[in-house]
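First the structure, in the form of structure tokens, and then the observations on it.
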Amino acid sequence: MRDTTRQPARPRWSRSRFPHARAGWAAIITVVGALGIPVGAGAVTLTGSGSSAAQPYMLALFRTYSQVHKSVRFKYVPDGGNAGVKDVQAGRVQFAINTRPPLASDSGTTYSKLFLDGLCIAVHNGNNVSNVSLTALKDIFRGIDNSWSQVAGSNLSTTIDPIGRNATAGSYTFFQQAVLGGATQASNVLQVTSDGLVQTGIENDPRSIGYVGLAHSKTGVKRLTVGGIPCDAAHIRSDTYPLYRYIWGVVPTKGTSLQVVRFLRWVAYSAAAGQIINEAGAVAAFNASPSKKHRGKRR
Amino acid sequence: MDLSDDQRAELWLGALVCGVVVLLLAMLGFILREAWPSFAHNGLSWFGSGGSADRQLQSIFDSGTANGPQQYEIHAWPMIWSTVLTTTGAVAISFVCSLFVAAFLVKFAPDPIKRVLEPVVRLLASVPSVIYGLVGVLVIVPFIGQHLITESERASVTPVIQLSGYSLLAAVLILTVMTAPVMIAIFAEGLRSVPRGWLEGSLALGVNEWRTFWKIAVRTARPALIAGTVLACARALGESVMLFMVSGSVGFAPNPADGLIVLFEPSRGLAPTILQNTDGLSSPPMAHTLYAIAALLLFSALTLSLVGWAVKRPMKRYQHAGGVA
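Protein sequences, first through last, are from chains A and B. Numbering-wise, the first sequence is residues 1 to 299 according to our numbering. Numbering-wise, the second sequence is residues 1001 to 1325 according to our numbering.
Next up, the structure:
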């Protein structure tokens, strides 16, 4: 006798079991195809990492370059100049941006100068001090001077709260070489991971002093002169500001991407890039001026 | 052979669970393998103190090049001690506060207040930790730095550390607020699960309501209290973003012998150390060191779970009564 209670087995892929399968697959294929079109059209993504101090300038340069060369996109991780160099050495990224000159430990990489920047010394707006010498700066960040009463020109008599960068930052290595004479920062220096955090720390702490790139010292903090020389574009361009520095492009010595080389040469020499660099707050070093067709004088 | 829907579902779910277990074991094995070079170079001194942890991390990072010897020396005691202090402090304060809030919610709160308080607690539990960190950096840290720390306290430690408001106190306060909602929810659930008959029986015998609640209900809900505490400890152990923003980011071990100043001393726990040095992962010895810290955190979380299970075992008789397991 036939068992009428049991349902007849349905085929696994019958339309009654999956009535909307065809519509679903069509949608998936359409979406994947649409996403794949830019890849298929020859878009290139250049990956880089490095200085957070130079990030404001680099983001502006990336934007403009991508507008001119529509197939080029950028991905940049601001993990610090020293970390960026190690990323290039490890082959994780195609280029890095660093704020200090090459060291012996940077084997396998090639450095090229892009433009100029300054490492500015900043304090809270409520601090009357306006100038600091390199010696006094060294004593502060080495923990020798720890009261504002020891710093000429300050209206404060409180302890000094120095804020600096951590080891992955090219700014820290530059500061270590240019100010500390190779010594390490004192243990009472608050180490943060980006220039933005240095700026925020100074804004919130009336006793603080820190070092930041030019771009992060324009608002909210008070820039000091160093040895009587202000940290501004004119004095950086003329090499008179003691803590001027080049922003360097770092690429692997072997297997450099041609697209990366073209981009870095555009940054260093083109008039358009020079204009962006100056507007963003850094100082163009080699770029042709907009009125001239030839390349700028190379230092 | 045709399988029924139930059997098919059982197979799929079983396969999914096995896949998750395999993934977890693979992750554990990977982390231990990557962590081994750091432990092998340092031995037990990895867990001890000696020198500046920040300078050791910097040396480790700088040595990560193709040429030259690679540095692995690290004494992680300052980070371990900071983690112990912040976790213990936050969970202890949070436990007391959460128990009272849960008791109020379950037993004493009028319905209108209950209807407002319960969603607020749930909302607090879902706030991302970076929001707490922002509030900490913009409100708590400046308040501590400008109003609670005296100039003499600052001057007494300034050659060694900076008392600027980024402190153990800020970390503990905010971590307490972060862990309390989790504990309140679990404690309240446990208290609600106590059989009404037990409470009514106690009241019928002439015991007052307050005493009945604390002696009967809270005691019965002990498995839930332990579960909530373990969960809160696990959250506190793994918290990195908020602690990185407010604790001071200095590899310093706060010293209780300093008296009240210890509350204002900066430090940095294990999880924030990983976050702060993530940029240095491209340096192989730094990567191994960070994996070693991660392995210690994993081991701590596992130990916490085992301790919680061991403490709850004698209380199994309450589980049949409806306490949360």
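For each residue, glycine too, the CB sits at the ideal point set by N, CA and C.
- Item | Euclidean distance between Cα positions of V1326/B and G1251/B | In the structure as shown, chain B starts at 1001 and stops at 1325, and residue 1326/B therefore has no counterpart that could be examined.
- Within the 8 Å Cβ cut-off, does S1164/B reach chain A? Locating residue 1164/B in the second sequence gives position 164, where the first residue counts as 1. It does: the Cβ of S1164/B has a partner Cβ on chain A nearer than 8 Å.
- For the stretch 1115 to 1197 of chain B, list the alpha helix (DSSP H) runs that are entirely contained and at least 4 residues long, ordered along the chain. 1129 to 1135, 1151 to 1157, 1168 to 1192
- Tell me whether S217/A sits in a helix, a strand or coil according to DSSP, three-state version. Stepping through the first sequence from its first residue, residue 217/A is reached at position 217. Helix at S217/A.
- Item | Contacting residues, own chain, Cβ-Cβ under 8 Å from V1311/B (five flanking each side not counted) | Along the second sequence, one-based indexing puts residue 1311/B at 311. Closer than 8 Å at Cβ, skipping near neighbours: I1226.
- Along chain B, in chain order, which residues have C-beta atoms closer than 7 Å to that of N98/A? Taking the first residue of the first sequence as position 1, residue 98/A is located at position 98. Chain B residues near N98/A: none, gap ~13 Å exceeds 7 Å.
- Item | Whole-number beta carbon distance between Q1276/B and T110/A, since they are thought to touch under 8 Å | By 1-based counting over the first sequence, the position of residue 110/A is 110. By 1-based counting over the second sequence, the position of residue 1276/B is 276. At roughly 30 Å, the Cβ-Cβ gap does not stay under 8 Å, so T110/A and Q1276/B are not in contact.
- Query: So what's Y57/A in DSSP terms, helix, strand or just coil?
  - Reply: Working through the first sequence from its first residue, we reach residue 57/A at position 57. The answer is helix: DSSP assigns Y57/A an H, G or I state.
- Task: Within its chain, find whatever has a CB closer than 8 Å to the CB of A1301/B; leave out the 5 residues flanking it on each side and keep chain order.
- Result: On the second sequence, position 301 is the one that residue 1301/B refers to. Counting only Cβ-Cβ distances below 8 Å, and skipping sequence neighbours, we find A1234, L1237, G1238.
- Task: Could you tell me which of N146/A, T158/A, Q199/A sits nearest to E1151/B, measuring between CA atoms?
- Result: The residue labelled residue 1151/B in the question sits at position 151 within the second sequence. For the residues N146/A, T158/A, Q199/A, the minimum Cα distance to E1151/B belongs to T158/A.
- Cβ of S270/A within 8 Å of any chain B Cβ: Numbered from 1 along the first sequence, position 270 holds the residue referred to as residue 270/A. No, S270/A lies away from the interface with chain B (no Cβ there is under 8 Å from its Cβ).
- Message: Under 8 Å, CB to CB, which of the residues in the stretch 186 to 198 of chain A have a partner in chain B?
- Response: A186, S187, N188, V189, L190, Q191, V192, T193
- Would you say S1126/B reaches chain A, if we count a Cβ-Cβ gap shorter than 8 Å as a contact? If you number the second sequence from 1, residue 1126/B lands on position 126. False, the Cβ-Cβ gap to chain A never drops below 8 Å.
- Check the Cβ of L1057/B against every Cβ in chain A and list those closer than 8 Å, keeping chain order. Looking up residue 1057/B in the second sequence gives position 57. The contacting residues are A167.
- Task: Express the C-alpha separation of P102/A and G274/A in angstroms, rounding to a whole number.
- Result: Position 274 of the first sequence, counted from the start, is the residue given in the question as residue 274/A. Position 102 of the first sequence, counted from the start, is the residue given in the question as residue 102/A. Cα to Cα, the separation comes out at about 23 Å.
- Task: Provide the residue span of the beta strand (DSSP E) that contains V1262/B, from first to last.
- Result: Locating residue 1262/B in the second sequence gives position 262, where the first residue counts as 1. It is not in any beta strand (DSSP E) - V1262/B carries neither H nor E in the DSSP assignment.
- Output the boundary residues of the alpha helix (DSSP H) element that contains Y172/A. For the purposes of this step, residue 172/A is taken as residue 172 along the first sequence, with counting starting at 1. Residues 170 to 178.
- Using only alpha-carbon positions, find the residue among A1224/B, Y1291/B, L1281/B, L1297/B that is nearest to G1269/B. On the second sequence, position 269 is the one that residue 1269/B refers to. Taking only the C-alpha atoms, the option nearest G1269/B is L1297/B.
- Could you tell me the distance, in whole angstroms, from the CA atom of S1129/B to the CA atom of V1172/B? The residue you call residue 1129/B lines up with position 129 of the second sequence. The residue you call residue 1172/B lines up with position 172 of the second sequence. Between S1129/B and V1172/B, the C-alpha separation is close to 14 Å.
- Query: In chain B, which residues lie with their C-beta within 8 Å of the C-beta of D161/A?
  - Reply: As a working note, residue 161/A is residue 161 in the first sequence. In chain order: Q1162, S1164.
- Item | Stretch-stretch touch, CB-based, cutoff 8 Å, three pairs: the stretch 73 to 91 of chain A with the stretch 1279 to 1293 of chain B | yes
- Message: Below 8 Å, how does it come out for the stretch 62 to 82 of chain A and the stretch 206 to 218 of chain A: are there three or more Cβ pairs, yes or no?
- Response: no
- Message: For the stretch 1259 to 1288 of chain B, list every residue whose C-beta sits within 7 Å of some C-beta in chain A, in sequence order.
- Response: Q1276, D1279, G1280, S1282, S1283
- Item | Residue environment, G1043/B, which counts as buried when at least 16 other CB atoms sit within 10 Å | On the second sequence, residue 1043/B is found 43 positions in, with the first residue counted as 1. Looking at its Cβ environment, which holds fewer than 16 other Cβ atoms inside 10 Å, G1043/B is exposed.
- Along chain A, which residues have their Cβ under 9 Å away from the Cβ of A1155/B? Position 155 of the second sequence holds residue 1155/B. Neighbours of A1155/B on chain A, chain order: N146, S147, T158, T159.
- Task: Note down the Cα distance separating A1035/B from P1284/B, rounded to an integer number of angstroms.
- Result: Sequence index remark: in the second sequence, residue 1035/B carries index 35 (1-based). Sequence index remark: in the second sequence, residue 1284/B carries index 284 (1-based). About 11 Å.
- If we count the other Cβ atoms within 10 Å of its Cβ and call it buried at 16 or more, is W1309/B buried or exposed? Residue mapping note: residue 1309/B aligns to position 309 of the second sequence, counting from 1. So W1309/B counts as exposed.
- Query: What do you reckon, is the C-beta of C1097/B under 7 Å from a heavy atom of the ligand FMN?
  - Reply: As presented, the structure is devoid of all ligands, the ligand FMN included, so that no description of it is given.
- Task: Compare the beta carbon distance of V1121/B and I1060/B with 8 Å and say whether it is the shorter of the two.
- Result: For the purposes of this step, residue 1121/B is identified with residue 121 of the second sequence, where counting begins at 1. For the purposes of this step, residue 1060/B is identified with residue 60 of the second sequence, where counting begins at 1. The answer is no: Cβ separation not under 8 Å.
- Can you pull the chain B residues whose beta carbon is under 7 Å from the beta carbon of A136/A, in chain order? The residue you call residue 136/A lines up with position 136 of the first sequence. Those within 7 Å of A136/A in chain B number zero; the least Cβ separation is about 16 Å.
- Using the beta-carbon count (16 or more within 10 Å), is F1108/B buried or exposed? What you label residue 1108/B is simply residue 108 of the second sequence in a count that begins at 1. Result: exposed.
- Message: For F1213/B, count the other beta carbons within 10 Å of its own beta carbon; 16 or more makes it buried, fewer makes it exposed. Which is it?
- Response: Taking the second sequence and counting its residues from 1, the one referred to as residue 1213/B is at position 213. Result: buried.
- Return no unless some Cβ of chain A is closer than 8 Å to the Cβ of D1005/B. In the second sequence, counting from the first residue as 1, residue 1005/B sits at position 5. No, its Cβ sits nowhere closer than 8 Å to a Cβ of chain A.
- Item | Supposed close pair G1248/B, I1186/B - CB separation, criterion 8 Å | One-based indexing of the second sequence puts residue 1248/B at position 248. One-based indexing of the second sequence puts residue 1186/B at position 186. Not really, about 31 Å apart at Cβ, beyond 8 Å.
- Query: Nearest-angstrom Cα distance between A1325/B and E1265/B?
  - Reply: Numbered from 1 along the second sequence, position 325 holds the residue referred to as residue 1325/B. Numbered from 1 along the second sequence, position 265 holds the residue referred to as residue 1265/B. Because the pLDDT of A1325/B is 42, which lies under 50, any placement of that residue in the model is unreliable, and the number read from its coordinates should be weighed accordingly. Cα-Cα distance, rounded: 39 Å.
- T1229/B: first and last residue of the uninterrupted beta strand (DSSP E) it sits in: To locate residue 1229/B, count along the second sequence from 1; it is residue 229. Note, T1229/B: premise wrong, no beta strand (DSSP E); alpha helix (DSSP H) at 1222 to 1238.
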